[in-house]
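Sequential numbering of the sequence shown, starting at 1, is according to UniProt numbering. Backbone N, C-alpha and C define an ideal beta-carbon position, used for all residues, glycine too.
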Amino acid sequence: MEKNDIQPDPIACSSLMEAFNKGCQPSRVLQLAELMKEKNIPLNTSALFGIISACSILGDWKSASEMVNYMEPSSSLVSVGHLNHLLHFLGRSGKIETMMKLFCKILASGVKVSSATYCILLKNLLAAGKWQKYIEVLHWMEDAGIQPSARMYWNVFPHAWKNTDREYTVLIQEKIKKLKDKVG
């Protein structure tokens, strides 16, 4: 860019990132992200999405984790959709702890999260066998005023039953019954 007398800015960088991703050159996106970091070019949501997409294509969770740290001060300015994409990528990569840390940072920054964000967490927690954390996230949903569905409780019920944790099993049965009574 600078060779052609173009001063890099967030809009130009995010446009280039989009072009690189469409042109199947995700490694160039990460190079451009490094340039943005070096030149202190602010990260906009389009650039973040481009970087996350490139990390996802490359399966590069390390760069994605670095991106989380880089964007942390501005995470309240990043769209929930882009944050959801990053949470999903981290969960799919098996980086459950990093996913949960990012989620906590999102909440701490004051970003309003929807049931879609919670669904991403729940899906990845269950896939990783973290059913107790799954139940904890269901409680967080309720605390946030988002009613978990009966399906969300049914998804974790076999795990609680199989692991013979009667406390969780009884709790889940009560929640399912309440939801059925509410509907029916």
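Query: Assigned secondary structure, D181 (DSSP; H/G/I helix, E/B strand, else coil); Result: helix
Query: A12 - DSSP class collapsed to helix/strand/coil; Result: helix
Query: Beta carbon of L87 nearer than 8 Å to that of L43; Result: no
Query: Distance between L107 and Q31 (C-alpha atoms, nearest Å); Result: 30 Å
Query: Proximity of G50 and M17 at Cβ, strictly below 8 Å; Result: yes
Query: 3 or more residues per run - each beta strand (DSSP E) lying fully within the stretch 11-49; Result: none
Query: Helix, strand or coil at A160 [DSSP, three-state]; Result: helix
Query: Through-space distance from R28 to S114, alpha-carbon basis; Result: 33 Å
Query: Beta-carbon gap between I96 and A128 smaller than 8 Å; Result: yes
Query: Sequence-distant residues of the same chain with beta carbon closer than 6 Å to M36, five excluded per side; Result: C13
Query: Exposed unless 16 or more other CB atoms sit within 10 angstroms - verdict on A47; Result: buried
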